[in-house]
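Here the sequence shown is numbered in our numbering, starting from 16 and rising by one per residue. Where a beta carbon is used, it is the ideal one built from N, C-alpha and C, also for glycine. These notes concern the structure reproduced below.
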Amino acid sequence: MFKIDFGKYDFTLIVAICICVVFGSFMVFSSSTVMADVKWRSPYKFFLRQILWVTFGFAAMFVTSFLINYKFYKRYAKWIYLFAMALVTVVLFAGVLRLGAKRWLQVGHFTLQPSELVKIALVIAIADFISRKKELVEEWKGLIAPGFIILLILFPIVIEPDLGTPILVAGVCFAMLFCAGLKMNAVFAGGLAAVLLMAEEITRKPYRLTRVKDYLASFVNIDVSSYQVKQSLNALGSGGFLGKGLGKSEMKLMYLPEAHTDFIFPIIGEELGFLGAILVIAFFMYLFFKGIKMSKNMPDVFSQYLCLGITFLIVFQAIINISVATGVFPAKGLPLPFISFGGTSLIITMATSGILINLSQYKKKQSRT
């Protein structure tokens, strides 16, 4: 029978993540009851599902925190990458079509979103590449091999179509390579190539181009912002400092679409005010600085960049979600980590944070291999 020494792991990190997940469940309940009752005559529909996902998420987090050592991911980095690649390829042919996009696989009574697995699979693959070829990363040609690894697995996701996830994951991988010593000329070349590819994808889909035009025009006239962003800003602005009170949001009364998923942050601002919104932001700031500090204590190069990659992945997604909700970025659907309603996204995020908890056991700097 296995024995776990819980004392060697970072207790504050565990508590902070658990509190955020529980808080998210309450906010899903608060933001979804009216809509669920109107559409499905079941006010607790999304809350009960969220409890189910949270249960699976805590189980996954327990496994990745205490039962799997980080060396497992280095040993099987290639196979994890290939498995994720196979899933996002299969979804193009056998995926479930929703709102004009094939992003989900039907598994019994549940749906799986393979692109969520790609996020952590690609972080593991890039961390493994850096650990084996760090001297190559520091040269101009250091962008070629990882660039191919990134583009190969993100291409099927773009076809689904989904542009938000590739932008997020490519940004995370780029940040990892930059921290590994990628030369500035390679940084500019990679950034330019990414911008050109993104511009091509935006112009290829009229609805994306419309979103960007509305976004740019909103700097002159806020009234031309997308409907969701305008309602989101109304929710945030009406909350004041302390908010209207938990459960007392008006925008969730069918005014703000996706209030329990991608736009849950404005409901937090409306019900709990500026103070509640700042506490959410403070959590992700804590996670960012905690991850950066932890990376300095890792026993080898792979674990160092795995720690950085996971930290960037969670925090960058939170930045994009909050920026969209506040009109800083063009409208794009990405859930707020740990808080938004979700199945695959929540479970994978909690499992990924479990890897971060596992890495927190390394308190002192050890000699690198």
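Please return the same chain residues whose Cβ sits closer than 6 Å to the Cβ of S247, not counting the five positions on each side in sequence.
F278, P281, A340
To which residues of the same chain is L169 closer than 7 Å at the C-beta, ignoring the five residues directly before and after it?
P181, V184, A185
Could you check whether I370 and Y91 sit closer than 8 Å to each other, using their CB atoms as the reference points?
no
Does the region 349-364 come within contact of the region 128-148, defined as at least 3 CB pairs closer than 8 Å?
yes
May I have the straight-line CA-CA distance separating K305 from V53, to the nearest angstrom?
42 Å
So L120 is in the beta strand (DSSP E); what residue range does that whole segment cover?
116-122
What residues are listed by DSSP as bridge partners for L127?
L120
For M300, does the count of other Cβ atoms within 10 angstroms reach 16, so buried, or fall short, so exposed?
exposed
What are the partner residues of R113, as DSSP defines its beta bridges?
A116
Pairing CB atoms from the region 344-355 with CB atoms from the region 30-38, are three or more of them under 8 Å?
yes
Please state the DSSP three-state secondary structure of K198.
coil
Using only CA atoms, which one of S45, F73, A74, F71 lies nearest to K1?
In this structure the chain extends from 16 to 384, so residue 1 is not present and cannot be described.
CA-to-CA distance, Y96 to W119, given in whole angstroms
18 Å
Where I334 and A297 are concerned, what is the direct C-alpha to C-alpha distance, given to the nearest angstrom?
12 Å
How big is the Cα-Cα spacing for S47 and E175?
27 Å
Length at least 4, wholly inside the region 133-213: the alpha helix (DSSP H) runs in chain order
159-174, 179-194
What are the start and end residues of each continuous alpha helix (DSSP H) run of 4 or more residues lying completely inside the region 275-350, in chain order?
279-310, 316-340
Excluding the five sequence neighbours on either side, which residues of its own chain have a C-beta within less than 7 Å of the C-beta of S382, listed in chain order?
Because the pLDDT of S382 is 41, which lies under 50, any placement of that residue in the model is unreliable, and the number read from its coordinates should be weighed accordingly. Excluding sequence neighbours, S382 sits near nothing in its chain.
DSSP three-state label for N373, please.
helix
Give a yes or no on whether the C-beta atoms belonging to G157 and L197 are separated by under 8 Å.
yes
Mind the definition here: the region 259-270 touches the region 198-218 only if three or more C-beta pairs lie below 8 Å; say whether that holds.
no
Over the uninterrupted alpha helix (DSSP H) stretch that includes L231, give me the two end residues.
221-232
Roughly how many angstroms separate the alpha carbons of I329 and W55, rounded to a whole number?
32 Å
C-alpha gap between P314 and V227, whole angstroms
44 Å
Straight-line gap, I19 to T79 (C-alpha atoms, nearest Å)
13 Å
Thinking I363 and I172 are a contact (beta carbons under 8 Å), I'd like their distance in whole angstroms, please.
Their Cβ separation, rounded to whole angstroms, is 14 Å, which puts I363 and I172 out of contact at 8 Å.
Chain B within 8 Å of V122, Cβ atoms only
You won't find chain B in this structure, because it holds only one protein chain.
Would G324 pass as a contact of I159 if the rule is Cβ separation under 8 Å?
no
Within a Cβ cutoff of 7 Å, which residues of the same chain sit near I165, ignoring the five residues on either side of it in sequence?
L137, A185, C188
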